[in-house]
Each structure stands twice: as structure tokens, then as C-alpha cells.
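Engineer: Here it is, the structure in full.
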Amino acid sequence: MILRRKIQVFSLIALNSSLFFEIKSFCMPVLNCHSCPIALFACPIGVLGQFSALHIFPFFILGILILFGVLLGRLFCGWACPFGLFQELLYKIPSHKITISKRFEHSKYFILILTVWAVPFLWGTDSLFFFCKICPPGTLQSAIPWAFIKGNVPEVVPFILRIMLLLSIIGLITSNERSFCKIICPLGAFMGIFNKISLFFIKKDDRKCNNCGDCEKVCPMGVTRSNDDILEKQRSLSCILCLRCSETCKASRKIGVSI
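Residue numbers (this note's numbering): 685 to 943.
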């Protein structure tokens, strides 16, 4: 956990270190708004939306995401995403904790298809329902900082709506760990597809498992146990490879690599 937290902090700093240069022609598989004054890379969701609005197939960006997905799955979500770190810190705030039904986990795929591809394709990136217009990380990293830098808000009503949505998401995150990742994040939805074939996975040894359920209790993504195989590759679409389960149960769970 200590190593992962250090990497998360390093990633936050590294991804927002464009004081002297920036590489906006390249994307990393994390939600980090490229409109942020100090963002180093472009946001893949924003770029995909822009290409969709232009009716151009994003070969290069999709190629980057697919490559990262095949190699690492959702590992970046658990180890390098700045908004993931933000969520984990928010959840530590004392508050009433709730559970979210598994049924809602499919909503992030609807959000991916609708707000990243369909809406910009049909109505362009000026639509209020284009993901970048309502993106909570974008509001936190870009809309609010630019409002302070410029000293004004160009569009008052959309800005207020963004703030209200951000506050709602923050309230949800404090009540349910990584709830944005579970039910909203379109990038997590896309990268999770590759968990089934990625090189890295959680290996579960049923011969050493006593079915205590501790791994389920600590999983921030709500991944449940499966007892189908004696040596099983845990490849849930939701798994972010944070290794909290293996820290809780060192005997039966550890990270595996497919070669």
C-alpha cells in the first residue's frame, strides 16, 4: 500500500508538470484533464470525443489505449490515476458509508458510448452532454483553476451545473469507495475490457483459501470471490490491481503475469 501510494503521488506530480513543455499529442490511460494549466499529456477521453465530433477514426489514440490495455489492463486505474488517488483520500473522510448495487456498474459503459462517442458524433463537442463538459476531474483540474486565473466565468450557468455535479460526485465518493470508477468512469469502462486478456491479473489459490471473505471486504471495486478453479486467474472487468486483497490474504492471493 505504501509503495502504491508513493507511485500515485509521483504520477500526480509527473502528469501535471508542464511548466516548461507539454506533450499534448500523446495520451496516458488516466483521467487527467488536458485543459488543466499544468497538464503534461492529453486526456484520452477528451481526444476520443474530439475525433468523434470530427467524424475521424482515432487510430493512434485507440492504438495507445489498446496497447496499454493488453499489457496492463486497469492497472493504471489503481496505481497512476490522479482522480483515483483523490477518491481514495476522500473516502477516508468520516461519513455514512453505503453500498452500490452491482446493477449500476454497467452504467459506465452507457456513459462511454453516449457521452464520448454518440453525443459528440451527432452534436459536436459544444453539447452540454459531451463528457468533457461535465467531467468531474475536468471541473476540479481545469474549470475551477481557469476561473481563478482569468478572474471570471465565461458561462455562468454551465459552470454552476459543473460545480453542483462535482459536489454530488464528491458526496458519493465519501460514501462509497471509488464509486466514480465503479459506475461512471468511461475510461475505466474501456480499459476494463482488456482485463480478460492483459498480462497482469490476480491469481487466487483455492487450496489456501478458507473463504473468510476478507478480500471482498477490502476491495475498493467490490470484486467478489470466485471458487470455480483451484488456481484461478481473477480477471474481473472491475479489478484495478490495487493488491489490497493480496495484502489482506497473502496466502491465497497474489499478482500473476501471463507470458
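For glycine and all other residues, C-beta sits at the position ideal for the given N, C-alpha and C.
Can you give the Cα-Cα distance for Lys776 and Ala737, rounded to whole angstroms?
Structural biologist: Translated into the one-based positions of the sequence shown, residue 776 becomes position 92. Translated into the one-based positions of the sequence shown, residue 737 becomes position 53. For Lys776 and Ala737, the distance between alpha carbons rounds to 39 Å.
Engineer: Can you round the beta-carbon distance between Ile794 and Val803 to whole angstroms, since I take them to be within the 8 Å contact cut?
Structural biologist: Sequence index remark: in the sequence shown, residue 794 carries index 110 (1-based). Sequence index remark: in the sequence shown, residue 803 carries index 119 (1-based). Here the sequence assigns Phe to residue 794, which means Ile is not the residue at that position. Going by Cβ atoms, the distance from Phe794 to Val803 rounds to 12 Å, so no, they are not a contact pair.
Engineer: Please list, in chain order, all residues of the same chain as Leu774 whose beta carbon is under 8 Å from its beta carbon, the five residues on each side excluded.
Structural biologist: Along the sequence shown, read from residue 1 onward, the residue named residue 774 stands at position 90. The residues are Ile854, Ile857 and Thr858.
Engineer: Out of Phe704, Phe705 and Ala698, point me to the one whose CA is closest to Met712's CA.
Structural biologist: Walking along the sequence shown from the start, residue 712 turns up at place 28. Minimum Cα distance to Met712 is reached at Ala698.
Engineer: From the DSSP output, read off the bridge partner residues of Ala726.
Structural biologist: Here the question's residue 726 lines up with position 42 in the sequence shown. Per DSSP, Cys711.
Engineer: What are the boundary residues of the alpha helix (DSSP H) that Phe815 is part of?
Structural biologist: In the sequence shown, counting from the first residue as 1, residue 815 sits at position 131. Unbroken alpha helix (DSSP H) run through Phe815: Phe815 to Ile818.
Engineer: Under a three-way DSSP split, which group does Ile742 fall into?
Structural biologist: The count along the sequence shown starts at 1 and reaches residue 742 at position 58. The sequence shown places Pro at residue 742, rather than the Ile named in the question. Reduced to three states, the DSSP call for Pro742 is coil.
Engineer: For Ile847, I'd like the list of residues in its chain whose CB is within less than 6 Å of its CB, leaving aside the five on either flank, ordered along the chain.
Structural biologist: Position 163 of the sequence shown holds residue 847. Closer than 6 Å at the Cβ level, and outside the excluded window around Ile847, lies no residue.
Engineer: With a threshold of 6 Å on Cβ separation, who are the neighbours of Ala764 within its own chain once the five nearest residues in sequence on each side are excluded?
Structural biologist: Here residue 764 refers to the residue found at position 80 of the sequence shown. Once the five neighbours on either side are set aside, the close Cβ partners of Ala764 are Ser695 and Val714.
Engineer: Is it buried or exposed for Glu861, if we count other Cβ within 10 angstroms and need 16 for buried?
Structural biologist: By one-based count along the sequence shown, residue 861 stands at place 177. With 16 or more Cβ atoms within 10 Å of its Cβ, Glu861 is classed as buried.
Engineer: Whole angstroms is fine: what's the gap from Val693's alpha carbon to Leu724's?
Structural biologist: Within the sequence shown, the letter at position 9 stands for residue 693. Within the sequence shown, the letter at position 40 stands for residue 724. Using only the alpha carbons, I get a separation of about 15 Å.
Engineer: One question on the structure: do Ser882 and Gly747 come within less than 7 Å of each other, judged by their Cβ atoms?
Structural biologist: For this step, residue 882 is matched to residue 198 along the sequence shown. For this step, residue 747 is matched to residue 63 along the sequence shown. Contact: no.
Engineer: Quick check: the segment 740–755 against the segment 873–893, are at least 3 beta-carbon pairs closer than 8 Å?
Structural biologist: Yes: at least three Cβ pairs fall under 8 Å.
Engineer: Could you give the DSSP three-state label for Val754: helix, strand or coil?
Structural biologist: The residue you call residue 754 lines up with position 70 of the sequence shown. Val754: helix per DSSP, three-state reduction.
Engineer: Only counting the same chain, and skipping five residues up and downstream in sequence, which positions put a Cβ closer than 6 Å to that of Ile722?
Structural biologist: The sequence position of residue 722 within the sequence shown is 38, counting from 1. Correct list, in chain order: Asn700 and Ser702.
Engineer: Suppose you measure from the CA of Thr908 to the CA of Gly897; what does that come to, to the nearest Å?
Structural biologist: Here residue 908 refers to the residue found at position 224 of the sequence shown. Here residue 897 refers to the residue found at position 213 of the sequence shown. If you take the alpha carbons of Thr908 and Gly897, they lie about 9 Å apart.
Engineer: Can you tell me whether Thr783 is buried or exposed, with buried defined as 16 or more other CB within 10 angstroms of its CB?
Structural biologist: Walking along the sequence shown from the start, residue 783 turns up at place 99. Its Cβ having fewer than 16 others within 10 Å, Thr783 is exposed.
Engineer: Would you decide whether Val840 is buried or exposed? Buried here means 16 or more other CB atoms lie within 10 Å of its CB.
Structural biologist: Residue 840 sits at position 156 when you count from the first residue of the sequence shown. Answer is exposed; the Cβ neighbour count stays below 16.
Engineer: Suppose contacts are defined by Cβ-Cβ distances below 7 Å. Is Ile869 in contact with Lys817 by that definition?
Structural biologist: Counting from 1 along the sequence shown, the entry for residue 869 is found at position 185. Counting from 1 along the sequence shown, the entry for residue 817 is found at position 133. Note that residue 869 is Cys in the sequence shown here, rather than Ile. Contact: no.
Engineer: Which first and last residues belong to the alpha helix (DSSP H) in which Phe794 is found?
Structural biologist: For the purposes of this step, residue 794 is taken as residue 110 along the sequence shown, with counting starting at 1. Where Phe794 is concerned, the enclosing alpha helix (DSSP H) stretches over Ser791 to Ile795.
Engineer: Assign Leu915 to buried or exposed, taking buried as 16 or more other Cβ atoms, counted over all protein chains shown, within 10 Å of its Cβ.
Structural biologist: What you label residue 915 is simply residue 231 of the sequence shown in a count that begins at 1. For Leu915, the predicted structure reports a pLDDT of 49, less than 50, and the residue's modelled location is therefore unreliable. A value from the coordinates is still provided. Counting Cβ neighbours within 10 Å, Leu915 comes out exposed, since fewer than 16 surround it.
Engineer: For Glu772, which option in Cys933, Thr932 and Arg928 has the closest C-alpha, if you only look at C-alpha atoms?
Structural biologist: Here residue 772 corresponds to residue number 88 of the sequence shown, with the count starting at 1. When each option's Cα is compared against that of Glu772, the closest is Arg928.
Engineer: Cβ of Leu850 within 7 Å of Cβ of Pro820?
Structural biologist: Your numbering for residue 850 matches position 166 in the sequence shown. Your numbering for residue 820 matches position 136 in the sequence shown. Yes. Within cutoff.
Engineer: Report the residue ranges of all alpha helix (DSSP H) runs contained in full by the segment 820–903; include only those spanning at least 4 residues, in chain order.
Structural biologist: Listed in chain order, they are 828–834, 840–859, 863–867, 870–876 and 898–902.
Engineer: For Gly733, which option in Phe705, Leu798 and Ile686 has the closest C-alpha, if you only look at C-alpha atoms?
Structural biologist: The count along the sequence shown starts at 1 and reaches residue 733 at position 49. The shortest Cα separation from Gly733 among Phe705, Leu798 and Ile686 belongs to Leu798.
Engineer: Are the CB atoms of Pro728 and Leu749 within a distance shorter than 7 Å?
Structural biologist: Numbered from its first residue, the sequence shown carries residue 749 at position 65. Numbered from its first residue, the sequence shown carries residue 728 at position 44. Yes, these two residues count as a Cβ contact at 7 Å.
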